[in-house]
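K.L.:
Protein chains: 2
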Amino acid sequence: MADTAHPELRIDGERLLARIQALHEVSPIDGGGNCRLALTDDDLAGRDLVVTMMRDLGLTVSIDVVGNVVAVRAGHTHTAPVMCGSHIDTVRTGGRYDGNYGVLAGLEIIETLDTAGVITKRPLAVGFFTDEEGARFAPDMLGSLVYVGGLAVEEALDTVAIDGARLGDELSRIGYAGSTPCPGVVPHAFVELHVEQGPVLELEGVTIGAVESVQGISWTELTIVGQSNHAGTTPMRLRHDAGYAAASVAVFVRGLAGELGGNQVATVGACDLHPNLVNVVAGRAVLTVDLRNTSEDGLREAERRLFGFLDELAVTEGVTITKRTLARFEPVIFDPGVVDLVEQTALAQGHTVRRMPSGAGHDAQMLARVCPTAMVFVPSAKGLSHNPAEHTEPADLEAGANVLLHVMLALAAE
Amino acid sequence: MADTAHPELRIDGERLLARIQALHEVSPIDGGGNCRLALTDDDLAGRDLVVTMMRDLGLTVSIDVVGNVVAVRAGHTHTAPVMCGSHIDTVRTGGRYDGNYGVLAGLEIIETLDTAGVITKRPLAVGFFTDEEGARFAPDMLGSLVYVGGLAVEEALDTVAIDGARLGDELSRIGYAGSTPCPGVVPHAFVELHVEQGPVLELEGVTIGAVESVQGISWTELTIVGQSNHAGTTPMRLRHDAGYAAASVAVFVRGLAGELGGNQVATVGACDLHPNLVNVVAGRAVLTVDLRNTSEDGLREAERRLFGFLDELAVTEGVTITKRTLARFEPVIFDPGVVDLVEQTALAQGHTVRRMPSGAGHDAQMLARVCPTAMVFVPSAKGLSHNPAEHTEPADLEAGANVLLHVMLALAAE
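Residue numbers (our numbering), protein chains in the order written: chain X, 840 to 1253; chain P, 840 to 1253.
1) Give me the residue from P:T1212, P:P1227 and P:A1081 with the minimum Cα distance to P:T932.
2) Thinking C-alpha only, which one of X:H1027, X:G1014 and X:S1011 is nearest X:T1212?
3) Output, in chain order, the set of chain X residues within a Cβ distance shorter than 8 Å of P:Y1083.
4) So the alpha helix (DSSP H) P:N939 belongs to, where does it begin and stop?
5) Taking one C-beta from the segment 876-890 of chain P and one from the segment 967-975 of chain P each time, how about it: are there three or more such pairs within less than 8 Å?
6) What is the rounded straight-line gap between the Cα of P:P1020 and the Cα of P:G872?
7) Report the rounded CA-to-CA distance for P:L848 versus P:V1024, giving the unit in angstroms.
8) Against P:E1035, what residues of chain X qualify as contacts under a CB-to-CB distance less than 8 Å, listed in chain order?
9) Can you pull the chain X neighbours of P:A1096, defined as C-beta to C-beta under 8 Å?
10) Report the start-end ranges of each beta strand (DSSP E) in the segment 1148-1227 of chain X that is 3 residues or longer and not cut off at the edges.
11) Which one of X:I1063, X:I850 and X:D928 has the shortest CA to CA distance from X:T1161?
12) Taking 8 Å as the limit between beta carbons, can you name the residues of its chain near P:Q1188, skipping five residues before and five after?
13) Between P:M840 and the rest of its own chain, which residues show a CB-CB distance below 8 Å, the 5 nearest in sequence each way excluded?
14) Taking Cβ to Cβ, would you say X:G1094 is nearer than 7 Å to P:V1107?
15) Suppose you measure from the CA of X:F1167 to the CA of X:I1056; what does that come to, to the nearest Å?
16) Kindly list, in the order they appear in chain X, the residues whose Cβ is closer than 8 Å to that of P:Q1054.
17) What's the gap between the Cα of X:E1135 and the Cα of X:V1050?
18) Can you tell me where the beta strand (DSSP E) with X:R894 in it begins and where it stops?
19) If you draw a straight line from the C-alpha of X:R1193 to the C-alpha of X:E1182, how long is it?
20) Can you pull the chain X residues whose beta carbon is under 8 Å from the beta carbon of P:D970, in chain order?
21) Could you give the DSSP three-state label for P:D842: helix, strand or coil?
22) List, in order along the chain, the chain P residues whose C-beta lies closer than 8 Å to that of X:V1104?
23) Measuring CB to CB, does P:G906 end up less than 7 Å from P:L1010?
24) If the cut-off is 7 Å on Cβ atoms, which residues from the segment 1108-1132 of chain P count as contacting chain X, listed in chain order?
25) Using a Cβ cut-off of 7 Å (strictly closer), state whether X:P1038 contacts chain P.
26) Less than 7 Å between CB atoms is the rule here; does P:S1262 satisfy it with respect to chain X?
27) Would you kindly work out how many angstroms separate the C-alpha atoms of X:D842 and X:R894, rounded to a whole number?
28) Just checking, does the segment 986-1006 of chain P make contact with the segment 1212-1222 of chain P on the three C-beta pairs under 8 Å criterion?
29) For X:D881, which option in X:P846, X:T929 and X:T951 has the closest C-alpha, if you only look at C-alpha atoms?
30) How long is the line joining the alpha carbons of P:V1171 and P:E1031, rounded to whole angstroms?
31) By the three-class DSSP mapping on this structure, what secondary structure does X:E1041 have?
32) Using a Cβ-Cβ cut-off of 7 Å (strictly less than) and excluding sequence neighbours within five positions of X:L943, which residues of its own chain qualify?
33) To the nearest angstrom, report how far apart X:A1070 and X:L1099 are at their CA atoms.
34) Does P:A1220 have its Cβ less than 7 Å from a Cβ in chain X?
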């Protein structure tokens, strides 16, 4: 059978669900989720299971120097492979689909092609990247960042975990310090299938998201110092209230997101007051501001307005405000051709589809640095994410995998 | 010498300071303050020192069933005494003047009268009340509340401390479970001399505050429940952000105080977000609102507007808001005759004086239930209170004690 399109081809939904269930059972936690922090024994057990699945499918498995695992299925030609994949590490209270779904759907696609006897022109590759979540080692998306040459290997190996362990030591300990060098093979294209982790698809009744960008992120920690004082005896006009100033910031950023519109989101998710007592004007507040926008210009404008507001606030309330950047990533724009392909493939299969940005970070944004890349989203029930109750309907899981199958077939024919 | 006015009479400032220093040295903490939580061994040491001072002055000391201590100096008549006093317990990070000053100034006045050979018509009494701060046993002003019959003795004795101890057991343990019954003797009048605990007198360059009222207090704890969600993937329009709602409350009450004006103050001093992470929309917030006003009508209006705002906010943000009353006291208006007497006495001694409310609670507000009562305030440097750095200038301490002296002489002549 040739590497032409096989429009009738479909993955086996039951087999996909069985693979997801098997990986879930490696390290289940209460509520139906998983805890596989990167390079722990639980992660090792998950890795060993997935590598076994890869080898059982006859794939050529390579492990690189930071533990990224790539399994290749040969094509008719020795050209750059079309790659899919994601990650199998999780946060402490992870769901069973986040990351895992994209990896296991890739393996299901391989088995589907094997069963149908389809050999593609280009090789196909399925990978999983080390420490995508960043829940044990910062930064997140570490493995894919090293894979594309964005972080030196030695620096990555010297990364220290929240529990004090060195990444390189942990890789060796669990037997995943491989020999394949980084940066890794540059794929012909990369497509990541993932659950949305947000509520948009479900709310709009759409099955497939054709992800055209990843929002840029600006995280700033603010420390506001005012004057702690008696809440009864201190007249309002004499206050330097760090708690009020912090609240003003949270209210301001809500308004800012409304004014800027588009994809701008803004959140004050963390705030600590000191001394945090009912009858004491807070003398100090530490809070975080999370700004995201798919447009770098938009993100810069949001930062400009926020910082301008802080300058005014410091004067009017008589407080000092210190800023510390916790994270700053420019938005990533995916390849329009691959995004179009995702959209057209979904429509051809009779699915509802919408183009959309990703609000969360993904390995795909790193691969986008080196090759044409896009993502496929399927709905997350109630938008729940990083939660054991994370859920996607089996029909949606199957739909996403079938879209990925035909996107990869099309790319592999190029 | 008769019980007529002795306008030339002045207390001994050095002796007053020495008494304050002696009590400070009983349980000093870093920074110059004291930690004498009610009915602890440190409180016992303070009590024993002050009782010794009382006995050394030949006063008749009685200890009542909740540990309030009253020392009486006989007058020419067996009429109701003119009483002054305060408390000697402190918060964990207490200053050396809060409470102690009013008690020790009373003893200094007794010694001044002894030295001058002045016998008043009415007896004079100096008292200190158990657990005014409420830092170990709730509520605060417990001893004076029982003294005036506002709380049953058995209920007071069964009060459990933050460390689990029963008040009655602690009284017995330290030997201050007295036999004098409560409610106690109703004084002819009560005057409490106290540091301001706020910045008003210092800022206005005024030496004496003639305290005409104590602000009413309304403390409400709010629990706001929204939906915890990903700060990147959740569109603004779909958020139910408990953190934003909490911030809105803090900003609203600041505006409320401005609109209502007068003595209205409003504070959100405590706020806890959950899960309190940079990239997660808060699903739950617990915060406190402290409203105070010298007018009960004003305080009710502030509560009405706050609660109306909360109802609107719950709808617009799609959150639930649960209210819990932590404290609610009506304002206390002191006796205009005694307030006038304080003001006139201060003026006659050449001091600047202003009538003012007290923003903090004091034993005097309990005594005001049973007899004509007022307070005398002296400046607190920078308004610092419940802080080891609490400070009042010696000249101001002396001025306040001299005002108290002549106010008591005038009242004792009635």
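Even glycine gets a Cβ: it sits at the ideal position worked out from N, Cα and C. All figures in this text were calculated on a predicted structure; none of them were measured in a lab.
P.N.:
Inspection of the coordinates gives the following:
1) Locating residue 932 of chain P in the second sequence gives position 93, where the first residue counts as 1. Comparing Cα positions, the closest option is P:P1227.
2) Within the first sequence, residue 1212 of chain X is the residue found at index 373, counting from 1. Ranking X:H1027, X:G1014 and X:S1011 by Cα distance to X:T1212 puts X:H1027 first.
3) Here the question's residue 1083 of chain P lines up with position 244 in the second sequence. Under the 8 Å cutoff, chain X gives A1089, V1090, R1093 and V1107.
4) The count along the second sequence starts at 1 and reaches residue 939 of chain P at position 100. Per DSSP, P:N939 belongs to the alpha helix (DSSP H) from N939 to A955.
5) yes
6) By 1-based counting over the second sequence, the position of residue 1020 of chain P is 181. By 1-based counting over the second sequence, the position of residue 872 of chain P is 33. Whole-angstrom Cα-Cα distance: 33 Å.
7) Residue mapping note: residue 848 of chain P aligns to position 9 of the second sequence, counting from 1. Residue mapping note: residue 1024 of chain P aligns to position 185 of the second sequence, counting from 1. One C-alpha to the other measures close to 28 Å.
8) On the second sequence, residue 1035 of chain P is found 196 positions in, with the first residue counted as 1. Per Cβ cutoff of 8 Å: T1072.
9) Taking the first residue of the second sequence as 1, we reach residue 1096 of chain P at position 257. Listed along chain X, the residues sitting closer than 8 Å to P:A1096 by beta-carbon distance are M1075.
10) Runs found: 1159-1168, 1192-1197 and 1212-1217.
11) The count along the first sequence starts at 1 and reaches residue 1161 of chain X at position 322. Closest by alpha carbon: X:I1063.
12) By 1-based counting over the second sequence, the position of residue 1188 of chain P is 349. Only A1238, N1241, V1242 and H1245 meet the Cβ criterion.
13) By 1-based counting over the second sequence, the position of residue 840 of chain P is 1. Any answer about P:M840 is weak, because its pLDDT of 33 lies below 50 and its placement is not dependable; what the coordinates show is given next. The answer, listed in chain order, is A955, G956, V957 and I958.
14) Numbered from its first residue, the first sequence carries residue 1094 of chain X at position 255. Numbered from its first residue, the second sequence carries residue 1107 of chain P at position 268. No. Outside cutoff.
15) As a position in the first sequence, residue 1167 of chain X is number 328, starting the count at 1. As a position in the first sequence, residue 1056 of chain X is number 217, starting the count at 1. Checking the sequence, you will find Arg at residue 1167 of chain X rather than Phe. If you take the alpha carbons of X:R1167 and X:I1056, they lie about 5 Å apart.
16) The sequence position of residue 1054 of chain P within the second sequence is 215, counting from 1. What P:Q1054 touches in chain X: G1071.
17) If you number the first sequence from 1, residue 1135 of chain X lands on position 296. If you number the first sequence from 1, residue 1050 of chain X lands on position 211. Near 17 Å, if we compare the C-alpha coordinates of X:V1050 and X:E1135.
18) As a working note, residue 894 of chain X is residue 55 in the first sequence. Not the beta strand (DSSP E): X:R894 falls in the alpha helix (DSSP H), residues D880 to D895.
19) Start at 1 with the first residue of the first sequence, and residue 1193 of chain X comes out as number 354. Start at 1 with the first residue of the first sequence, and residue 1182 of chain X comes out as number 343. Looking at the two C-alpha atoms, the distance is approximately 7 Å.
20) As a position in the second sequence, residue 970 of chain P is number 131, starting the count at 1. Result: empty, since nearest Cβ-Cβ is about 17 Å, beyond 8 Å.
21) Looking up residue 842 of chain P in the second sequence gives position 3. Low local confidence applies: a pLDDT of 40 at P:D842 is under 50, so the model's placement there is unreliable, with the coordinate-based value given in what follows. The answer is coil: DSSP assigns P:D842 none of H, G, I, E or B.
22) By 1-based counting over the first sequence, the position of residue 1104 of chain X is 265. The answer, in chain order, is A1070, G1071, T1073, P1074 and M1075.
23) The residue given as residue 906 of chain P occupies position 67 in the second sequence. The residue given as residue 1010 of chain P occupies position 171 in the second sequence. Cβ distance < 7 Å, so P:G906 and P:L1010 count as in contact.
24) Listed by position, the residues of the segment 1108-1132 of chain P near chain X (Cβ gap below 7 Å) are G1108, A1109, C1110, L1112, N1115, L1116, V1117, N1118, V1119, V1120, A1121, T1127, D1129 and R1131.
25) The residue you call residue 1038 of chain X lines up with position 199 of the first sequence. Yes, its Cβ sits closer than 7 Å to a Cβ of chain P.
26) The requested residue 1262 of chain P does not occur in the structure, where chain P is confined to residues 840 to 1253.
27) As a first step, residue 842 of chain X is located in the first sequence; it is residue number 3 there, counting from the start. As a first step, residue 894 of chain X is located in the first sequence; it is residue number 55 there, counting from the start. Low confidence applies here, because X:D842 scores a pLDDT of 40, under 50, leaving its location unreliable; read the following figure in that light. Spanning the two alpha carbons is a distance of roughly 23 Å.
28) no
29) Here residue 881 of chain X refers to the residue found at position 42 of the first sequence. Considering only alpha carbons, the answer is X:T929.
30) What you label residue 1171 of chain P is simply residue 332 of the second sequence in a count that begins at 1. What you label residue 1031 of chain P is simply residue 192 of the second sequence in a count that begins at 1. Near 14 Å, if we compare the C-alpha coordinates of P:E1031 and P:V1171.
31) Here residue 1041 of chain X corresponds to residue number 202 of the first sequence, with the count starting at 1. In this structure, X:E1041 counts as helix in the three-state DSSP scheme.
32) Along the first sequence, read from residue 1 onward, the residue named residue 943 of chain X stands at position 104. Only L855, R858, I859 and L862 meet the Cβ criterion.
33) Locating residue 1070 of chain X in the first sequence gives position 231, counting from the first residue. Locating residue 1099 of chain X in the first sequence gives position 260, counting from the first residue. One C-alpha to the other measures close to 36 Å.
34) Locating residue 1220 of chain P in the second sequence gives position 381, counting from the first residue. Taking Cβ atoms only, chain X never reaches closer than 7 Å to P:A1220, which makes this a no.
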